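> Next up is a structure, given as structure tokens.
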Amino acid sequence: MKNKNDKKILENADLKPIDKDLFSNAYPETVPPLNKYMEKLANWARANSLWFLAFGTGCGAIELRPLLTSRFDIYSKGIAPRPTPRQSGVFIIGGYSSVKTLKRIIRSYEQMQNPKFVISLCSCSINGGMYFDSYNTINQIDKYIPVDVFITGCMPRPEAIMAGFDKLKERILAGKTEGANKYVENFEYYKANQKKIIKDWNMPDYNW
Amino acid sequence: MNLQLLTKIGYTCISIAVMVIYGLLAGGIMARIRARAYGRYGIPVWQPFLDILKNITQRSAISHGMMFYLGPVFRLTGGLGTYLFIPAVLGSAIFSNFSSAGDIFLVMYFIFLGQLGMALGAGEGGHPYSGIATARGLAQMSAFELPFALSVISLAIQYDTFSIIKIVEAQQYGVLSWTMFTNPLATIAGFIALLGMNMNAPFNIVIAPQEVPLGPPTEYPSQFLSMLQTNRGLFLAAKLTLFMNLFFGGATSIWMLFVKTFIILLANLFVSVSFPRYKPEQSIRFFLKYPTVIGILSIVFMMFK
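Top line first, the protein sequences correspond to chains A and B.
Taking our numbering, the leading residue of the first sequence gets 592, the next gets one more, and so forth.
Taking our numbering, the leading residue of the second sequence gets 58, the next gets one more, and so forth.
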């Protein structure tokens, strides 16, 4: 849908008319990376200061807590939890996502700022895992938000999660983690998948 | 513009830069020492700089309006104002800032100004937890201002002046002339108020990252957050310098300033690692009990001296 200035805007068809004023209907935009050397510096800073969203979406979150203790100590690698999606850069999908949680995952993911990275923990978010034939959980998180690193296991041990973080750092330093831009470029695809499975969509089309 | 003005501007820029770097580095060192007390290794000491660099290079930053933009600006103004009217190093050309134009009450005003401006900005964010967090932060700030103001009044009676330069000059006659030894009650009340000001445990619920309402910065992303983090370094250095000037004899060289402020911060840390957090209502009740009584006693003793 386009408005009179020929800029794309969102329909927000699932909002009640009285609520439409409260939410922005601006279409999300891609933000290209900076020039070569500035982007290298920025990627180095991002790789050494990873803040993940402290939102435990499933049982995988239990494996994140030992990382903060003295045995594994991820603080020494610059990784720290943050309570709000506005300030975090990494979203760890820990475990199964029920349809109800998926709605909240989408809401939190869209509130994060560009650039943002997603780690998909445990088999349930990769291929359905133990709950592959459940009516209530989704089998593949990759269809709904773009994922950068997959960590298999049920649960993966803290050492495996740390190896996953190292892999994410490698990818960030190589400049391969453009998940936020990929989400905007394939917005119709992701949104269609999301709306097919989430029946009670009473949010705006993009949660700014 | 004449040469004197340009030189003064240059010295001010150097002074602010040194204090920002020192404040952030001291924060990193304290976090590492705290981690060692807990049996971990902790963050690298340069991690605050990396966090600021990461936040500055974020590609998008959501804003909620003009007042939202101005929140961190107010906060940084408060930090700059607090620092620039304190004589960091007595008698130094570079580090004496604009202390001849200010006094202790101006500095206290700027301490408050930053937080109030942030409250307006955080309110426009529309986040439901911003309101809770701002209310908690401001309530605790009002509570710790009471013992701090009482100890400052006691100092004003003792030294018969409001100017920080004169208070520092009166303490230059050896270690036993420091306010810590001539007016210990005011020092104790001031130290407890400093724990609240630095938001160290047990009073750190207002900015603890484990809380969802993590203080006024709740809704601020990216570059706004980097501005707030820079202010955190400068503001910490300013408060420690003020405290050193009022109670610990000031500094006649920059290295003495680093040593003394580091020791004050270490004393803060010893309290901080030993205690869990107070809830906001507990911390307000605490500040209005013993520290206030100690402050009042210090005024009474000074009046009868």
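A virtual CB, placed ideally from N, CA and C, is assigned to each residue, including glycine.
Note that this is a predicted model, so its numbers are computed, not measured.
Pull up the CB-CB distance for GLY180 of chain B and GLY188 of chain B, whole angstroms please, since I reckon it's below 8 angstroms.
That belief holds up - the Cβ atoms of GLY180 of chain B and GLY188 of chain B are roughly 7 angstroms apart, short of 8 angstroms.
> Which residue or residues does DSSP assign as beta-bridge partners of TRP840 of chain A?
Past the boundaries of the shown model lies residue 840 of chain A; chain A is included only from 592 to 799, so the question cannot be answered.
> Counting C-beta neighbours from all protein chains within 10 Å, is the total for ALA294 of chain B 16 or more, i.e. buried, or is it exposed?
Classification of ALA294 of chain B: buried, given that the 10 Å Cβ count is 16 or more.
> Answer with yes or no whether the minimum CB distance from TYR735 of chain A to chain B is below 8 angstroms.
No - not a single Cβ of chain B is within 8 angstroms of the one on TYR735 of chain A.
> Applying the 10 Å Cβ sphere with the 16-neighbour rule, what's the burial state of THR660 of chain A?
So THR660 of chain A ends up on the exposed side.
> Checking contacts by CB at 8 angstroms: is SER279 of chain B closer than that to chain A?
With 8 angstroms as the cut-off, SER279 of chain B counts as an interface residue toward chain A.
> Kindly indicate which residue of B:LEU299, B:ILE264 and B:LEU203 has the alpha-carbon position closest to the one of GLN286 of chain B.
The shortest C-alpha separation from GLN286 of chain B is found at B:ILE264.
> Within 8 angstroms of any Cβ in chain A, is that where the Cβ of LYS223 of chain B sits?
No, its Cβ sits nowhere closer than 8 angstroms to a Cβ of chain A.
> Taking 8 angstroms as the CB-CB limit, is SER329 of chain B close to chain A?
For SER329 of chain B, the answer is no, since every Cβ of chain A falls outside 8 angstroms of its Cβ.
> Between the Cα of SER699 of chain A and the Cα atoms of A:ILE736, A:PHE663, A:SER667 and A:ALA638, which residue gives the shortest distance?
The residue with the shortest Cα to Cα distance from SER699 of chain A is A:ILE736.
> For THR675 of chain A and chain B, any beta-carbon pair shorter than 8 angstroms?
Judged by the 8 angstroms Cβ criterion, THR675 of chain A is in contact with chain B.
> Which whole runs of the beta strand (DSSP E) in the region 738 to 795 of chain A are 3 residues long or more, in chain order?
You should have 740 to 742.
> Can you name, in chain order, every residue of its own chain whose Cβ lies under 6 angstroms from the Cβ of ALA638 of chain A, other than the five neighbours on each side?
The residues are LYS760, ILE763 and LEU764.
> To be precise: take each residue of the region 69 to 99 of chain B, compare its Cβ to all Cβ atoms of chain A, and keep it if any distance is under 7 angstroms. Which residues remain?
For the region 69 to 99 of chain B, which is checked against every Cβ of chain A, the residues closer than 7 angstroms are ALA92, TYR95, GLY96, ARG97, TYR98 and GLY99.
> Which residues of chain A have a Cβ atom closer than 8 angstroms to the Cβ of LEU107 of chain B, listed in chain order?
Within 8 angstroms Cβ-Cβ: ALA636, ASN639, SER640 and GLY669.
> Tell me whether the region 318 to 331 of chain B and the region 78 to 89 of chain B touch, counting them as touching only if at least three CB pairs, one residue from each stretch, are closer than 8 angstroms.
Touching, yes.
> Does ILE249 of chain B get closer than 8 angstroms to chain A when you measure Cβ to Cβ?
Not closer than 8 angstroms to any Cβ of chain A, the Cβ of ILE249 of chain B fails to qualify, so no.
> For MET256 of chain B, is the beta carbon positioned less than 7 angstroms from some heavy atom of the ligand ZN?
This structure simply doesn't include the ligand ZN, nor any ligand for that matter.
> Please go through the same chain and pick out, in chain order, the residues whose beta-carbon is closer than 6 angstroms to the beta-carbon of ASN798 of chain A, but skip the five residues on each side of it.
Cβ within range, chain order: ARG698, GLU701 and GLN702.
> Any beta carbon from chain B within less than 8 angstroms of ALA633 of chain A's own beta carbon?
True, the Cβ-Cβ gap to chain B drops below 8 angstroms.
> Apart from the five residues on each side of it in sequence, which residues of its chain come closer than 6 angstroms, Cβ to Cβ, to SER199 of chain B?
Nothing listed; no residue qualifies.
> Going by DSSP, what residues sit across from PRO672 of chain A in a beta bridge?
Looking at the DSSP assignment, PRO672 of chain A forms a beta bridge with A:PHE643.
> Hey, out of B:ILE151, B:PRO105 and B:VAL225, whose CA is closest to LEU63 of chain B's CA?
Selected option, being the one with the closest Cα: B:ILE151.
> Give the DSSP bridge partners of SER149 of chain B, in chain order.
Note: SER149 of chain B sits in no beta bridge, so no partner.
> Along chain B, in chain order, which residues have C-beta atoms closer than 7 angstroms to that of ASP664 of chain A?
Per Cβ cutoff of 7 angstroms: ARG97 and TYR98.
> Within this structure, are the beta carbons of VAL738 of chain A and VAL709 of chain A separated by less than 8 angstroms?
Yes; because the gap between Cβ atoms is below 8 angstroms, this pair is in contact.
> My guess is that ASN154 of chain B and THR218 of chain B are in contact by the Cβ rule of under 8 angstroms, so how many angstroms apart are they, rounded?
That pair is no contact at about 18 angstroms.
> Please list, in chain order, the chain A residues whose beta carbon lies closer than 9 angstroms to that of GLN115 of chain B.
Here the neighbours are ALA633, ARG637, GLY680, GLN704, ASN705 and PRO706.
> Output the boundary residues of the alpha helix (DSSP H) element that contains LEU252 of chain B.
241 to 254 is the span of the alpha helix (DSSP H), which, as asked, contains LEU252 of chain B.
> Going along chain B in order, which residues have a C-beta closer than 7 angstroms to the C-beta of TRP799 of chain A?
Ordered by position in chain B, the residues that pass the 7 angstroms Cβ test against TRP799 of chain A are ILE119.
> Which residues in chain A have a C-beta closer than 7 angstroms to the C-beta of THR275 of chain B? List them in chain order.
Ordered by position in chain A, the residues that pass the 7 angstroms Cβ test against THR275 of chain B are THR675.
> ILE161 of chain B to GLY247 of chain B, Cα distance in whole Å?
Rounded to whole angstroms, ILE161 of chain B to GLY247 of chain B spans 14 angstroms at the Cα level.
> According to DSSP, is VAL709 of chain A helix, strand or coil?
Residue state, collapsed to three classes: strand.
> Quick one: Cα of ASN261 of chain B to Cα of ASN777 of chain A, how far?
For ASN261 of chain B and ASN777 of chain A, the distance between alpha carbons rounds to 43 angstroms.
> With 16 other CB atoms within 10 Å as the buried threshold, where does VAL164 of chain B fall?
Classification of VAL164 of chain B: buried, given that the 10 Å Cβ count is 16 or more.
> The alpha helix (DSSP H) spanning GLY135 of chain B covers which residue range?
Per DSSP, GLY135 of chain B belongs to the alpha helix (DSSP H) from 123 to 141.
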